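Visitor: Everything in the first sequence is counted per the numbering used here, starting at 71 for the first residue and increasing by one.
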Amino acid sequence: MTHPWLTLPAARVDVAARTMLGWRLTANGVTVRLTEVEAYSGLGTDPASHAHRGVTNRNAVMFGPAGRLYVYQIYGMYRCLNIVCGEEGVAAAVLLRAGEVVDGLELARERRPAAGRDRDLASGPAKLTQVLALDSSAYGTSVVDGTGPMTMSPPREPVPDELIEAGPRVGVTAAHDVAWRFWLKGDPTVSVYRRHTPRRRTRPA
DNA sequence: TATTAGATGGTT
DNA sequence: ACCATCTAATAG
Numbered sequence: 071m072t073h074p075w076l077t078l079p080a081a082r083v084d085v086a087a088r089t090m091l092g093w094r095l096t097a098n099g100v101t102v103r104l105t106e107v108e109a110y111s112g113l114g115t116d117p118a119s120h121a122h123r124g125v126t127n128r129n130a131v132m133f134g135p136a137g138r139l140y141v142y143q144i145y146g147m148y149r150c151l152n153i154v155c156g157e158e159g160v161a162a163a164v165l166l167r168a169g170e171v172v173d174g175l176e177l178a179r180e181r182r183p184a185a186g187r188d189r190d191l192a193s194g195p196a197k198l199t200q201v202l203a204l205d206s207s208a209y210g211t212s213v214v215d216g217t218g219p220m221t222m223s224p225p226r227e228p229v230p231d232e233l234i235e236a237g238p239r240v241g242v243t244a245a246h247d248v249a250w251r252f253w254l255k256g257d258p259t260v261s262v263y264r265r266h267t268p269r270r271r272t273r274p275a
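1. Grab the span of the alpha helix (DSSP H) containing Leu177 for me, first residue to last.
2. From Thr272 to Gly159, what does the alpha carbon distance come to, in whole angstroms?
3. Drop a sphere of 10 angstroms on the beta-carbon of Asn127, count the other beta-carbons inside from all chains shown, and report buried for 16 or more, exposed for fewer.
4. Based on Cα-Cα distance, which residue from Ala196, Gln200, Pro225 and Gly156 lies nearest to Asn98?
5. Taking the runs of the alpha helix (DSSP H) that are 4 residues or longer, which of them lie wholly in the segment 183-266?
6. Going by the CB atoms, is the gap between Val213 and Met220 shorter than 8 Å?
7. Can you name the start and end residues of the beta strand (DSSP E) that Thr105 belongs to?
8. Taking only the alpha-carbon atoms, compute the straight-line gap between Met90 and Trp75 and give it to the nearest angstrom.
9. May I have the straight-line CA-CA distance separating Arg179 from Ala168, to the nearest angstrom?
10. Quick check on the burial criterion: 16 or more other C-beta atoms within 10 angstroms. Buried or exposed for Met222?
11. Over the uninterrupted beta strand (DSSP E) stretch that includes Val141, give me the two end residues.
12. Tell me whether Ala80 sits in a helix, a strand or coil according to DSSP, three-state version.
13. Within its chain, find whatever has a CB closer than 7 Å to the CB of Asp84; leave out the 5 residues flanking it on each side and keep chain order.
14. Is it true that the CB of Val154 sits closer than 8 Å to the CB of Val277?
15. Looking only at C-alpha atoms, which of Thr259, Gly146 and Leu166 sits nearest to Arg88?
16. Near Leu202, which residues of its chain fall below 7 Å by C-beta distance, leaving aside the five closest residues on each side in sequence?
17. Whole angstroms is fine: what's the gap from Gly112's alpha carbon to Gly124's?
18. Is the beta carbon of His120 sitting closer than 8 Å to the one on Tyr142?
19. From Pro258 to Ser206, what does the alpha carbon distance come to, in whole angstroms?
20. Looking only at its chain, what residues have a beta carbon closer than 6 Å to the beta carbon of Ala236, apart from the 5 residues adjacent to it on each side?
21. How many angstroms separate the CA atom of Arg181 from the CA atom of Leu191?
22. Of the residues Leu177, Gly218, Ala162 and Arg226, which one's Cα is nearest the Cα of Arg82?
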């Protein structure tokens, strides 16, 4: 099996997420080694999932077969990437949170002029998407059959369990106690954890 | 280094 | 009104 996480059931989406660490994402001339991911359950028990309230136009692809891209827009100007996981009909997915640029460095620097250091080229989900030059046109495309703009290839050696750390998911208001964020221990490209801070009213009453 | 506000637009 | 965010500016 070229993509072992592809056949894991939705109930094991956390395992799927861990398994993806160390994999290489390639799109538009840049390759990124995945260092941080988050799992989202499609079983209806995860209030943080975009699919928690059922099928909508935005999340429809999550209910389809595994191995496709769920791209969503956030805060008006950014996009984030997820790999759909689990059996068809269940909306599990893995958010690709951060990585290390391992090929196409010059291109990556051009695409992220705000990054002061190379380690920050893809140290966050929207930065990762920007470095790979993907947008909503990648919505629903496959990462496993070679027909889409992004492909994934496994690490030469599997990442040992002792190099993986787990903690609460970033930015989500609901179920912040669930430790479904996984990252490579000590890797400098992992995004800095920030607890979700409720936005203050724009104007006091 | 740590904290904060503003940008900006689809979704519910 | 709410966001699975990022950056620049500020304070210490």
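All C-beta atoms, glycine included, are put in the ideal place defined by N, C-alpha and C.
Treat the numbers as computed from the prediction; the structure is a model and nothing was measured.
Guide: Judging by the given coordinates:
1. Along the first sequence, one-based indexing puts residue 177 at 107. Note, Leu177: alpha helix (DSSP H), Leu175 to Arg181.
2. Counting from one through the first sequence, the residue named residue 272 turns up at place 202. Counting from one through the first sequence, the residue named residue 159 turns up at place 89. Low confidence applies here, because Thr272 scores a pLDDT of 44, under 50, leaving its location unreliable and the question unanswered by this model.
3. The sequence position of residue 127 within the first sequence is 57, counting from 1. By the 10 Å Cβ count, Asn127 comes out exposed.
4. To locate residue 98, count along the first sequence from 1; it is residue 28. Here the closest residue by C-alpha is Gln200.
5. 195-201
6. Within the first sequence, residue 220 is the residue found at index 150, counting from 1. Within the first sequence, residue 213 is the residue found at index 143, counting from 1. Yes.
7. Taking the first residue of the first sequence as 1, we reach residue 105 at position 35. Looking at the DSSP string, the run of the beta strand (DSSP E) that includes Thr105 is Val100 to Tyr110.
8. Position 20 of the first sequence, counted from the start, is the residue given in the question as residue 90. Position 5 of the first sequence, counted from the start, is the residue given in the question as residue 75. Taking the straight line joining both Cα atoms gives about 7 Å.
9. The residue you call residue 179 lines up with position 109 of the first sequence. The residue you call residue 168 lines up with position 98 of the first sequence. Roughly 16 Å between the two C-alpha positions.
10. By one-based count along the first sequence, residue 222 stands at place 152. Per the 10 Å Cβ criterion, buried.
11. Counting from 1 along the first sequence, the entry for residue 141 is found at position 71. Here the beta strand (DSSP E) through Val141 covers Leu139 to Ile144.
12. Position 10 of the first sequence holds residue 80. Reduced to three states, the DSSP call for Ala80 is helix.
13. Residue numbering aside, residue 84 sits at position 14 when the first sequence is read from its first letter. Cβ neighbours of Asp84 beyond the five flanking positions: Ala109 and Trp250.
14. Any question about residue 277 goes unanswered here, given that the chain covers just 71 to 275.
15. As a first step, residue 88 must be located in the first sequence, where it is residue number 18. Ranking Thr259, Gly146 and Leu166 by Cα distance to Arg88 puts Leu166 first.
16. As a working mapping, residue 202 is identified with position 132 in the first sequence. Here the set comprises Leu95, Ala97, Asn98, Val100, Val102 and Met220.
17. Along the first sequence, read from residue 1 onward, the residue named residue 112 stands at position 42. Along the first sequence, read from residue 1 onward, the residue named residue 124 stands at position 54. Taking the straight line from one Cα to the other gives about 9 Å.
18. By 1-based counting over the first sequence, the position of residue 120 is 50. By 1-based counting over the first sequence, the position of residue 142 is 72. Against a cut-off of 8 Å, the Cβ pair of Tyr142 and His120 comes out as a contact.
19. In the first sequence, counting from the first residue as 1, residue 258 sits at position 188. In the first sequence, counting from the first residue as 1, residue 206 sits at position 136. Near 28 Å, if we compare the C-alpha coordinates of Ser206 and Pro258.
20. As a position in the first sequence, residue 236 is number 166, starting the count at 1. Hits under 6 Å: Ala249 and Phe252.
21. Taking the first sequence and counting its residues from 1, one reaches residue 181 at position 111. Taking the first sequence and counting its residues from 1, one reaches residue 191 at position 121. Their Cα atoms are separated by approximately 9 Å.
22. Taking the first sequence and counting its residues from 1, the one referred to as residue 82 is at position 12. It is Ala162 whose Cα lies nearest to the Cα of Arg82.
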